[in-house]
Amino acid sequence: MVAVEPENFMEYILVEHRWIVVLTALLPISMLWKVWSTVRNYVVFKLSSAPKMHDRKVKDVQRQIKSWLSGDRSTRLCTARPTWQTMSYRHSVYKKTFTNIKINFVDILEVDTENLTVRCEPLVTMGQLSRTLEPLGLALAVVPELDQLTVGGLVMGTGIESSSHIYGLFQHICLKYELVLADGSVVTCSKEENPDLFYAVPWSYGTFGFLTSVVIKLVPAKKYIRLQYHPHNKLSALADQFRKESESDKPHEFIEALLYTKESGVLMTGDMVDEIGRDGKFNPIGKWYSEWFFTQVERHLRNNKTVVEYIPLRDYYHRHTRSLFWELQDIIPFGNHPIFRYLMGWLMPPEVSLLKLTQPEAVSKLYEKAHVIQDMLVPIVHLEDAIDTFHKEIEVYPIWLCPFRVFNHPGQLKIKTTADSQMFVDIGVYGVPKAKNYETIPSTRRIEKFVSEHDGFQMLYADTYLTRDEFRQMFDHTLYEKVRESLPYCKEAFPEIYGKVNRSVRK
Ligand SMILES: Cc1cc2nc3c(=O)[nH]c(=O)nc-3n(C[C@H](O)[C@H](O)[C@H](O)COP(=O)(O)OP(=O)(O)OC[C@H]3O[C@@H](n4cnc5c(N)ncnc54)[C@H](O)[C@@H]3O)c2cc1C
Ligand SMILES: NC(=O)C1=CN([C@@H]2O[C@H](COP(=O)(O)OP(=O)(O)OC[C@H]3O[C@@H](n4cnc5c(N)ncnc54)[C@H](OP(=O)(O)O)[C@@H]3O)[C@@H](O)[C@H]2O)C=CC1
Ligand SMILES: CC(C)=CCC[C@@H](C)[C@H]1CC[C@H]2C3=C(CC[C@]12C)[C@@]1(C)CC[C@H](O)C[C@@H]1CC3
436 MVAVEPENFM EYILVEHRWI VVLTALLPIS MLWKVWSTVR NYVVFKLSSA PKMHDRKVKD
496 VQRQIKSWLS GDRSTRLCTA RPTWQTMSYR HSVYKKTFTN IKINFVDILE VDTENLTVRC
556 EPLVTMGQLS RTLEPLGLAL AVVPELDQLT VGGLVMGTGI ESSSHIYGLF QHICLKYELV
616 LADGSVVTCS KEENPDLFYA VPWSYGTFGF LTSVVIKLVP AKKYIRLQYH PHNKLSALAD
676 QFRKESESDK PHEFIEALLY TKESGVLMTG DMVDEIGRDG KFNPIGKWYS EWFFTQVERH
736 LRNNKTVVEY IPLRDYYHRH TRSLFWELQD IIPFGNHPIF RYLMGWLMPP EVSLLKLTQP
796 EAVSKLYEKA HVIQDMLVPI VHLEDAIDTF HKEIEVYPIW LCPFRVFNHP GQLKIKTTAD
856 SQMFVDIGVY GVPKAKNYET IPSTRRIEKF VSEHDGFQML YADTYLTRDE FRQMFDHTLY
916 EKVRESLPYC KEAFPEIYGK VNRSVRK
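Residue numbers for the sequence shown, in my numbering: 436 to 942.
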């Protein structure tokens, strides 16, 4: 294990007992923030004032860009969203040198219950959407599970969830984008209108223009998820069932798996239902006193029995939010203790933004040396090989496995098949590596090499150590470059994607 020596008493407290700051300051502030934003969003949605304000806000973005155009254009452009607020793991240093364009687009604009679509602004969060849509009996087809993820970030980056084996990534459920481009014009794009731009926007990290609204596909929702837990003690058996369920002609609506050791884990298959059946018990996992989801799942592995549970819909969607997958156990070691849960569970979790904002230098160094946060996306056929490699190089458990479909569309995610789509798996590793030979850069580089050689992709909210050439091999830049060439001032205003995600611009 790598140790990082704190330099003074304060740093020692912040590194070794970070929970003190989290409990006394971050949790109460987070709660105030949640209450305020929930009430504010509810009122704005009920008053329907957001659509009227939207055009005015778009004009304000155009005004800011025109002011940049009329200057010497010596700086590039990025959003003014402070880097501590984002879910990307590090702070983006370019925010300090680029011209920051204010995009206060925080509202849901319209829910079309007939055509099953929602039009919303880019700073709308997943929590805000699921809260608004649930009473209408609707849900996004893909709900990336952390409450604070934003529509804009998920479009410009990427989003994935346990329904992605049917619907694909977040980009695949987006029907239309509205953007303000570097020449100050407003464009909309969809499969039919400006298709090149439409297909190039996902994974572009804000390097074509500023997203101002998105139309997203909805699905009818029911009250509960009937979730079936299938424990396995052999990786090959788990992987076979995982592939079979994901690629089935009539798949379950939700599929994910958690691995607790290299050979053992629990596969979960779920479907929406309106009634609680007699074949399983009701489990409201989102209640403040409930045990963290990943430890509940581990119990099913220990009991080694296939069981069914009925989980309220929103509790299921945000099942990994209260424990930030399993990341909170390192920050509040007693966070899952029953006494803590009953007394303080209602304050959980602290906002990721505040954790980022208050992260001391020593914690950053510790995370840099002895903590992995990565999601690697590989074709599902390579699942076992990938787990072997991750075990050898990192050895972090639990591992999150989420199947997803990549459609054969133009854009940065080129799949090597002529079929309509290809099934992939997201392998998410978050935690302290136990592999003896673990060293951040060489180990991550070897994992990246494995992923590239197996026609996979790296999620770019995490640290990437790919060189520019390797990056361009992993992500097809053909359409991306064609569109950048065609848009006036685009190359002057925005760096290429690598310029926003490589390690040297993220501290
Ligand atoms: C403790 C704390 C935690 C935070 N955590 C997060 C976080 O986790 N994630 C995150 O994204 N942000 C976070 N923020 C910051 C927040 O996103 C920004 O302050 C944001 O700009 C404010 O959004 P708001 O909804 O509070 O809007 P407001 O404060 O109401 O408005 C901001 C501006 O936009 C205008 N405006 C707002 N809504 C509309 C509308 N519908 N039509 C027209 N104009 C409008 C207002 O007039 C105002 O000028 C946090 C802030 C604090 C203090
Ligand atoms: N389950 C999942 O799918 C999960 C996904 N993630 C990842 O988290 C990230 C999303 O986090 P979030 O905090 O929401 O987003 P961020 O603020 O981190 O934004 C991500 C990128 O999108 C750009 N962007 C965001 N909004 C706009 C806009 N309106 N116009 C132009 N560009 C924009 C940002 O540009 P700029 O730098 O200029 O601000 C930035 O480069 C994604 O990368 C996603 O892959 C993380 C956890 C879970
Ligand atoms: C499901 C997918 C695709 C990804 C999940 C990723 C999350 C586990 C991470 C996204 C942002 C991460 C951050 C942290 C933990 C792991 C994430 C939530 C911290 C809270 C860890 C503690 C640091 O001090 C701040 C980090 C901010 C980002």
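Ideal Cβ placement from N, Cα and C applies to all residues, glycine included.
When burial is assigned at 16 or more other CB atoms within 10 Å of the CB, is residue 868 buried or exposed? buried
I'd like to confirm something about residue 523: is its beta-carbon nearer than 7 Å to some heavy atom of ligand 2, or not? yes
What are the partner residues of residue 691, as DSSP defines its beta bridges? The partner list for residue 691 (beta bridge, DSSP) reads 703.
Whose C-beta lies closer than 7 Å to the C-beta of residue 744 among residues of the same chain, with five residues either side of it excluded? 662, 715, 716, 718
Should residue 532 be counted as a contact of ligand 4 given a C-beta to heavy atom distance under 7 Å? This structure simply doesn't include ligand 4; it includes ligand 1, ligand 2 and ligand 3 instead.
Expressed to the nearest angstrom, what Euclidean distance is found between the alpha-carbon atoms of residue 875 and residue 883? 12 Å
Decide if residue 528 is buried, meaning its Cβ has at least 16 other Cβ atoms within 10 Å, or exposed. exposed
Residues in the same chain with beta-carbon distance under 6 Å from residue 919, minus the five sequence neighbours each way, listed in chain order, please. 925, 926
Out of curiosity, what's the CA-to-CA distance linking residue 541 and residue 488? 11 Å
Could you check whether the Cβ of residue 894 sits closer than 7 Å to any heavy atom belonging to ligand 3? At least one heavy atom of ligand 3 sits closer than 7 Å to the Cβ of residue 894.
Our contact map puts residue 462 next to residue 553 with C-beta atoms below 8 Å; I'd like the distance itself, whole angstroms only. With 8 Å as the limit, residue 462 and residue 553 do not qualify as a contact, their Cβ atoms being about 31 Å apart.
Quick check on residue 593: does DSSP put it in helix, strand or coil? coil
Where are the alpha helix (DSSP H) runs, 4 residues long or more, that stay fully inside the segment 622 to 662, in chain order? Listed in chain order, they are 630 to 635.
Using DSSP bridges, identify the partner residues of residue 794. Note: residue 794 sits in no beta bridge, so no partner.
In three-state DSSP terms, what is residue 867? coil
So, for residue 807: in the same chain, excluding its five sequence neighbours on each side, which residues have a beta-carbon less than 6 Å away from its beta-carbon? So the list reads 829, 831, 864, 868, once near-sequence residues are dropped.
Whole-angstrom C-beta distance between residue 748 and residue 569, which should lie under 8 Å: 6 Å
Start and end residues, beta strand (DSSP E) containing residue 809: Counting along the chain, the unbroken beta strand (DSSP E) around residue 809 starts and ends at 807 to 814.
Are residue 543 and residue 559 close, meaning C-beta to C-beta below 8 Å? yes
Anyone know if the C-beta pair for residue 646 and residue 587 falls short of 8 Å? yes
Relative to ligand 3, is the shortest distance from any of its heavy atoms to the C-beta of residue 859 smaller than 7 Å? no
Residue 617, DSSP secondary structure in three states: coil
Whole angstroms are fine: how far does the CA of residue 449 sit from the CA of residue 437? For residue 437, the pLDDT reaches just 49, beneath the cut-off of 50, and the residue's location in the model is therefore unreliable, leaving the point undetermined.
Could you give the residue range of the beta strand (DSSP E) that holds residue 836? 834 to 842
Pair within 8 Å by beta-carbon distance, residue 781 and residue 757: no
For residue 910 and residue 638, believed in contact at Cβ under 8 Å, the rounded distance: 7 Å
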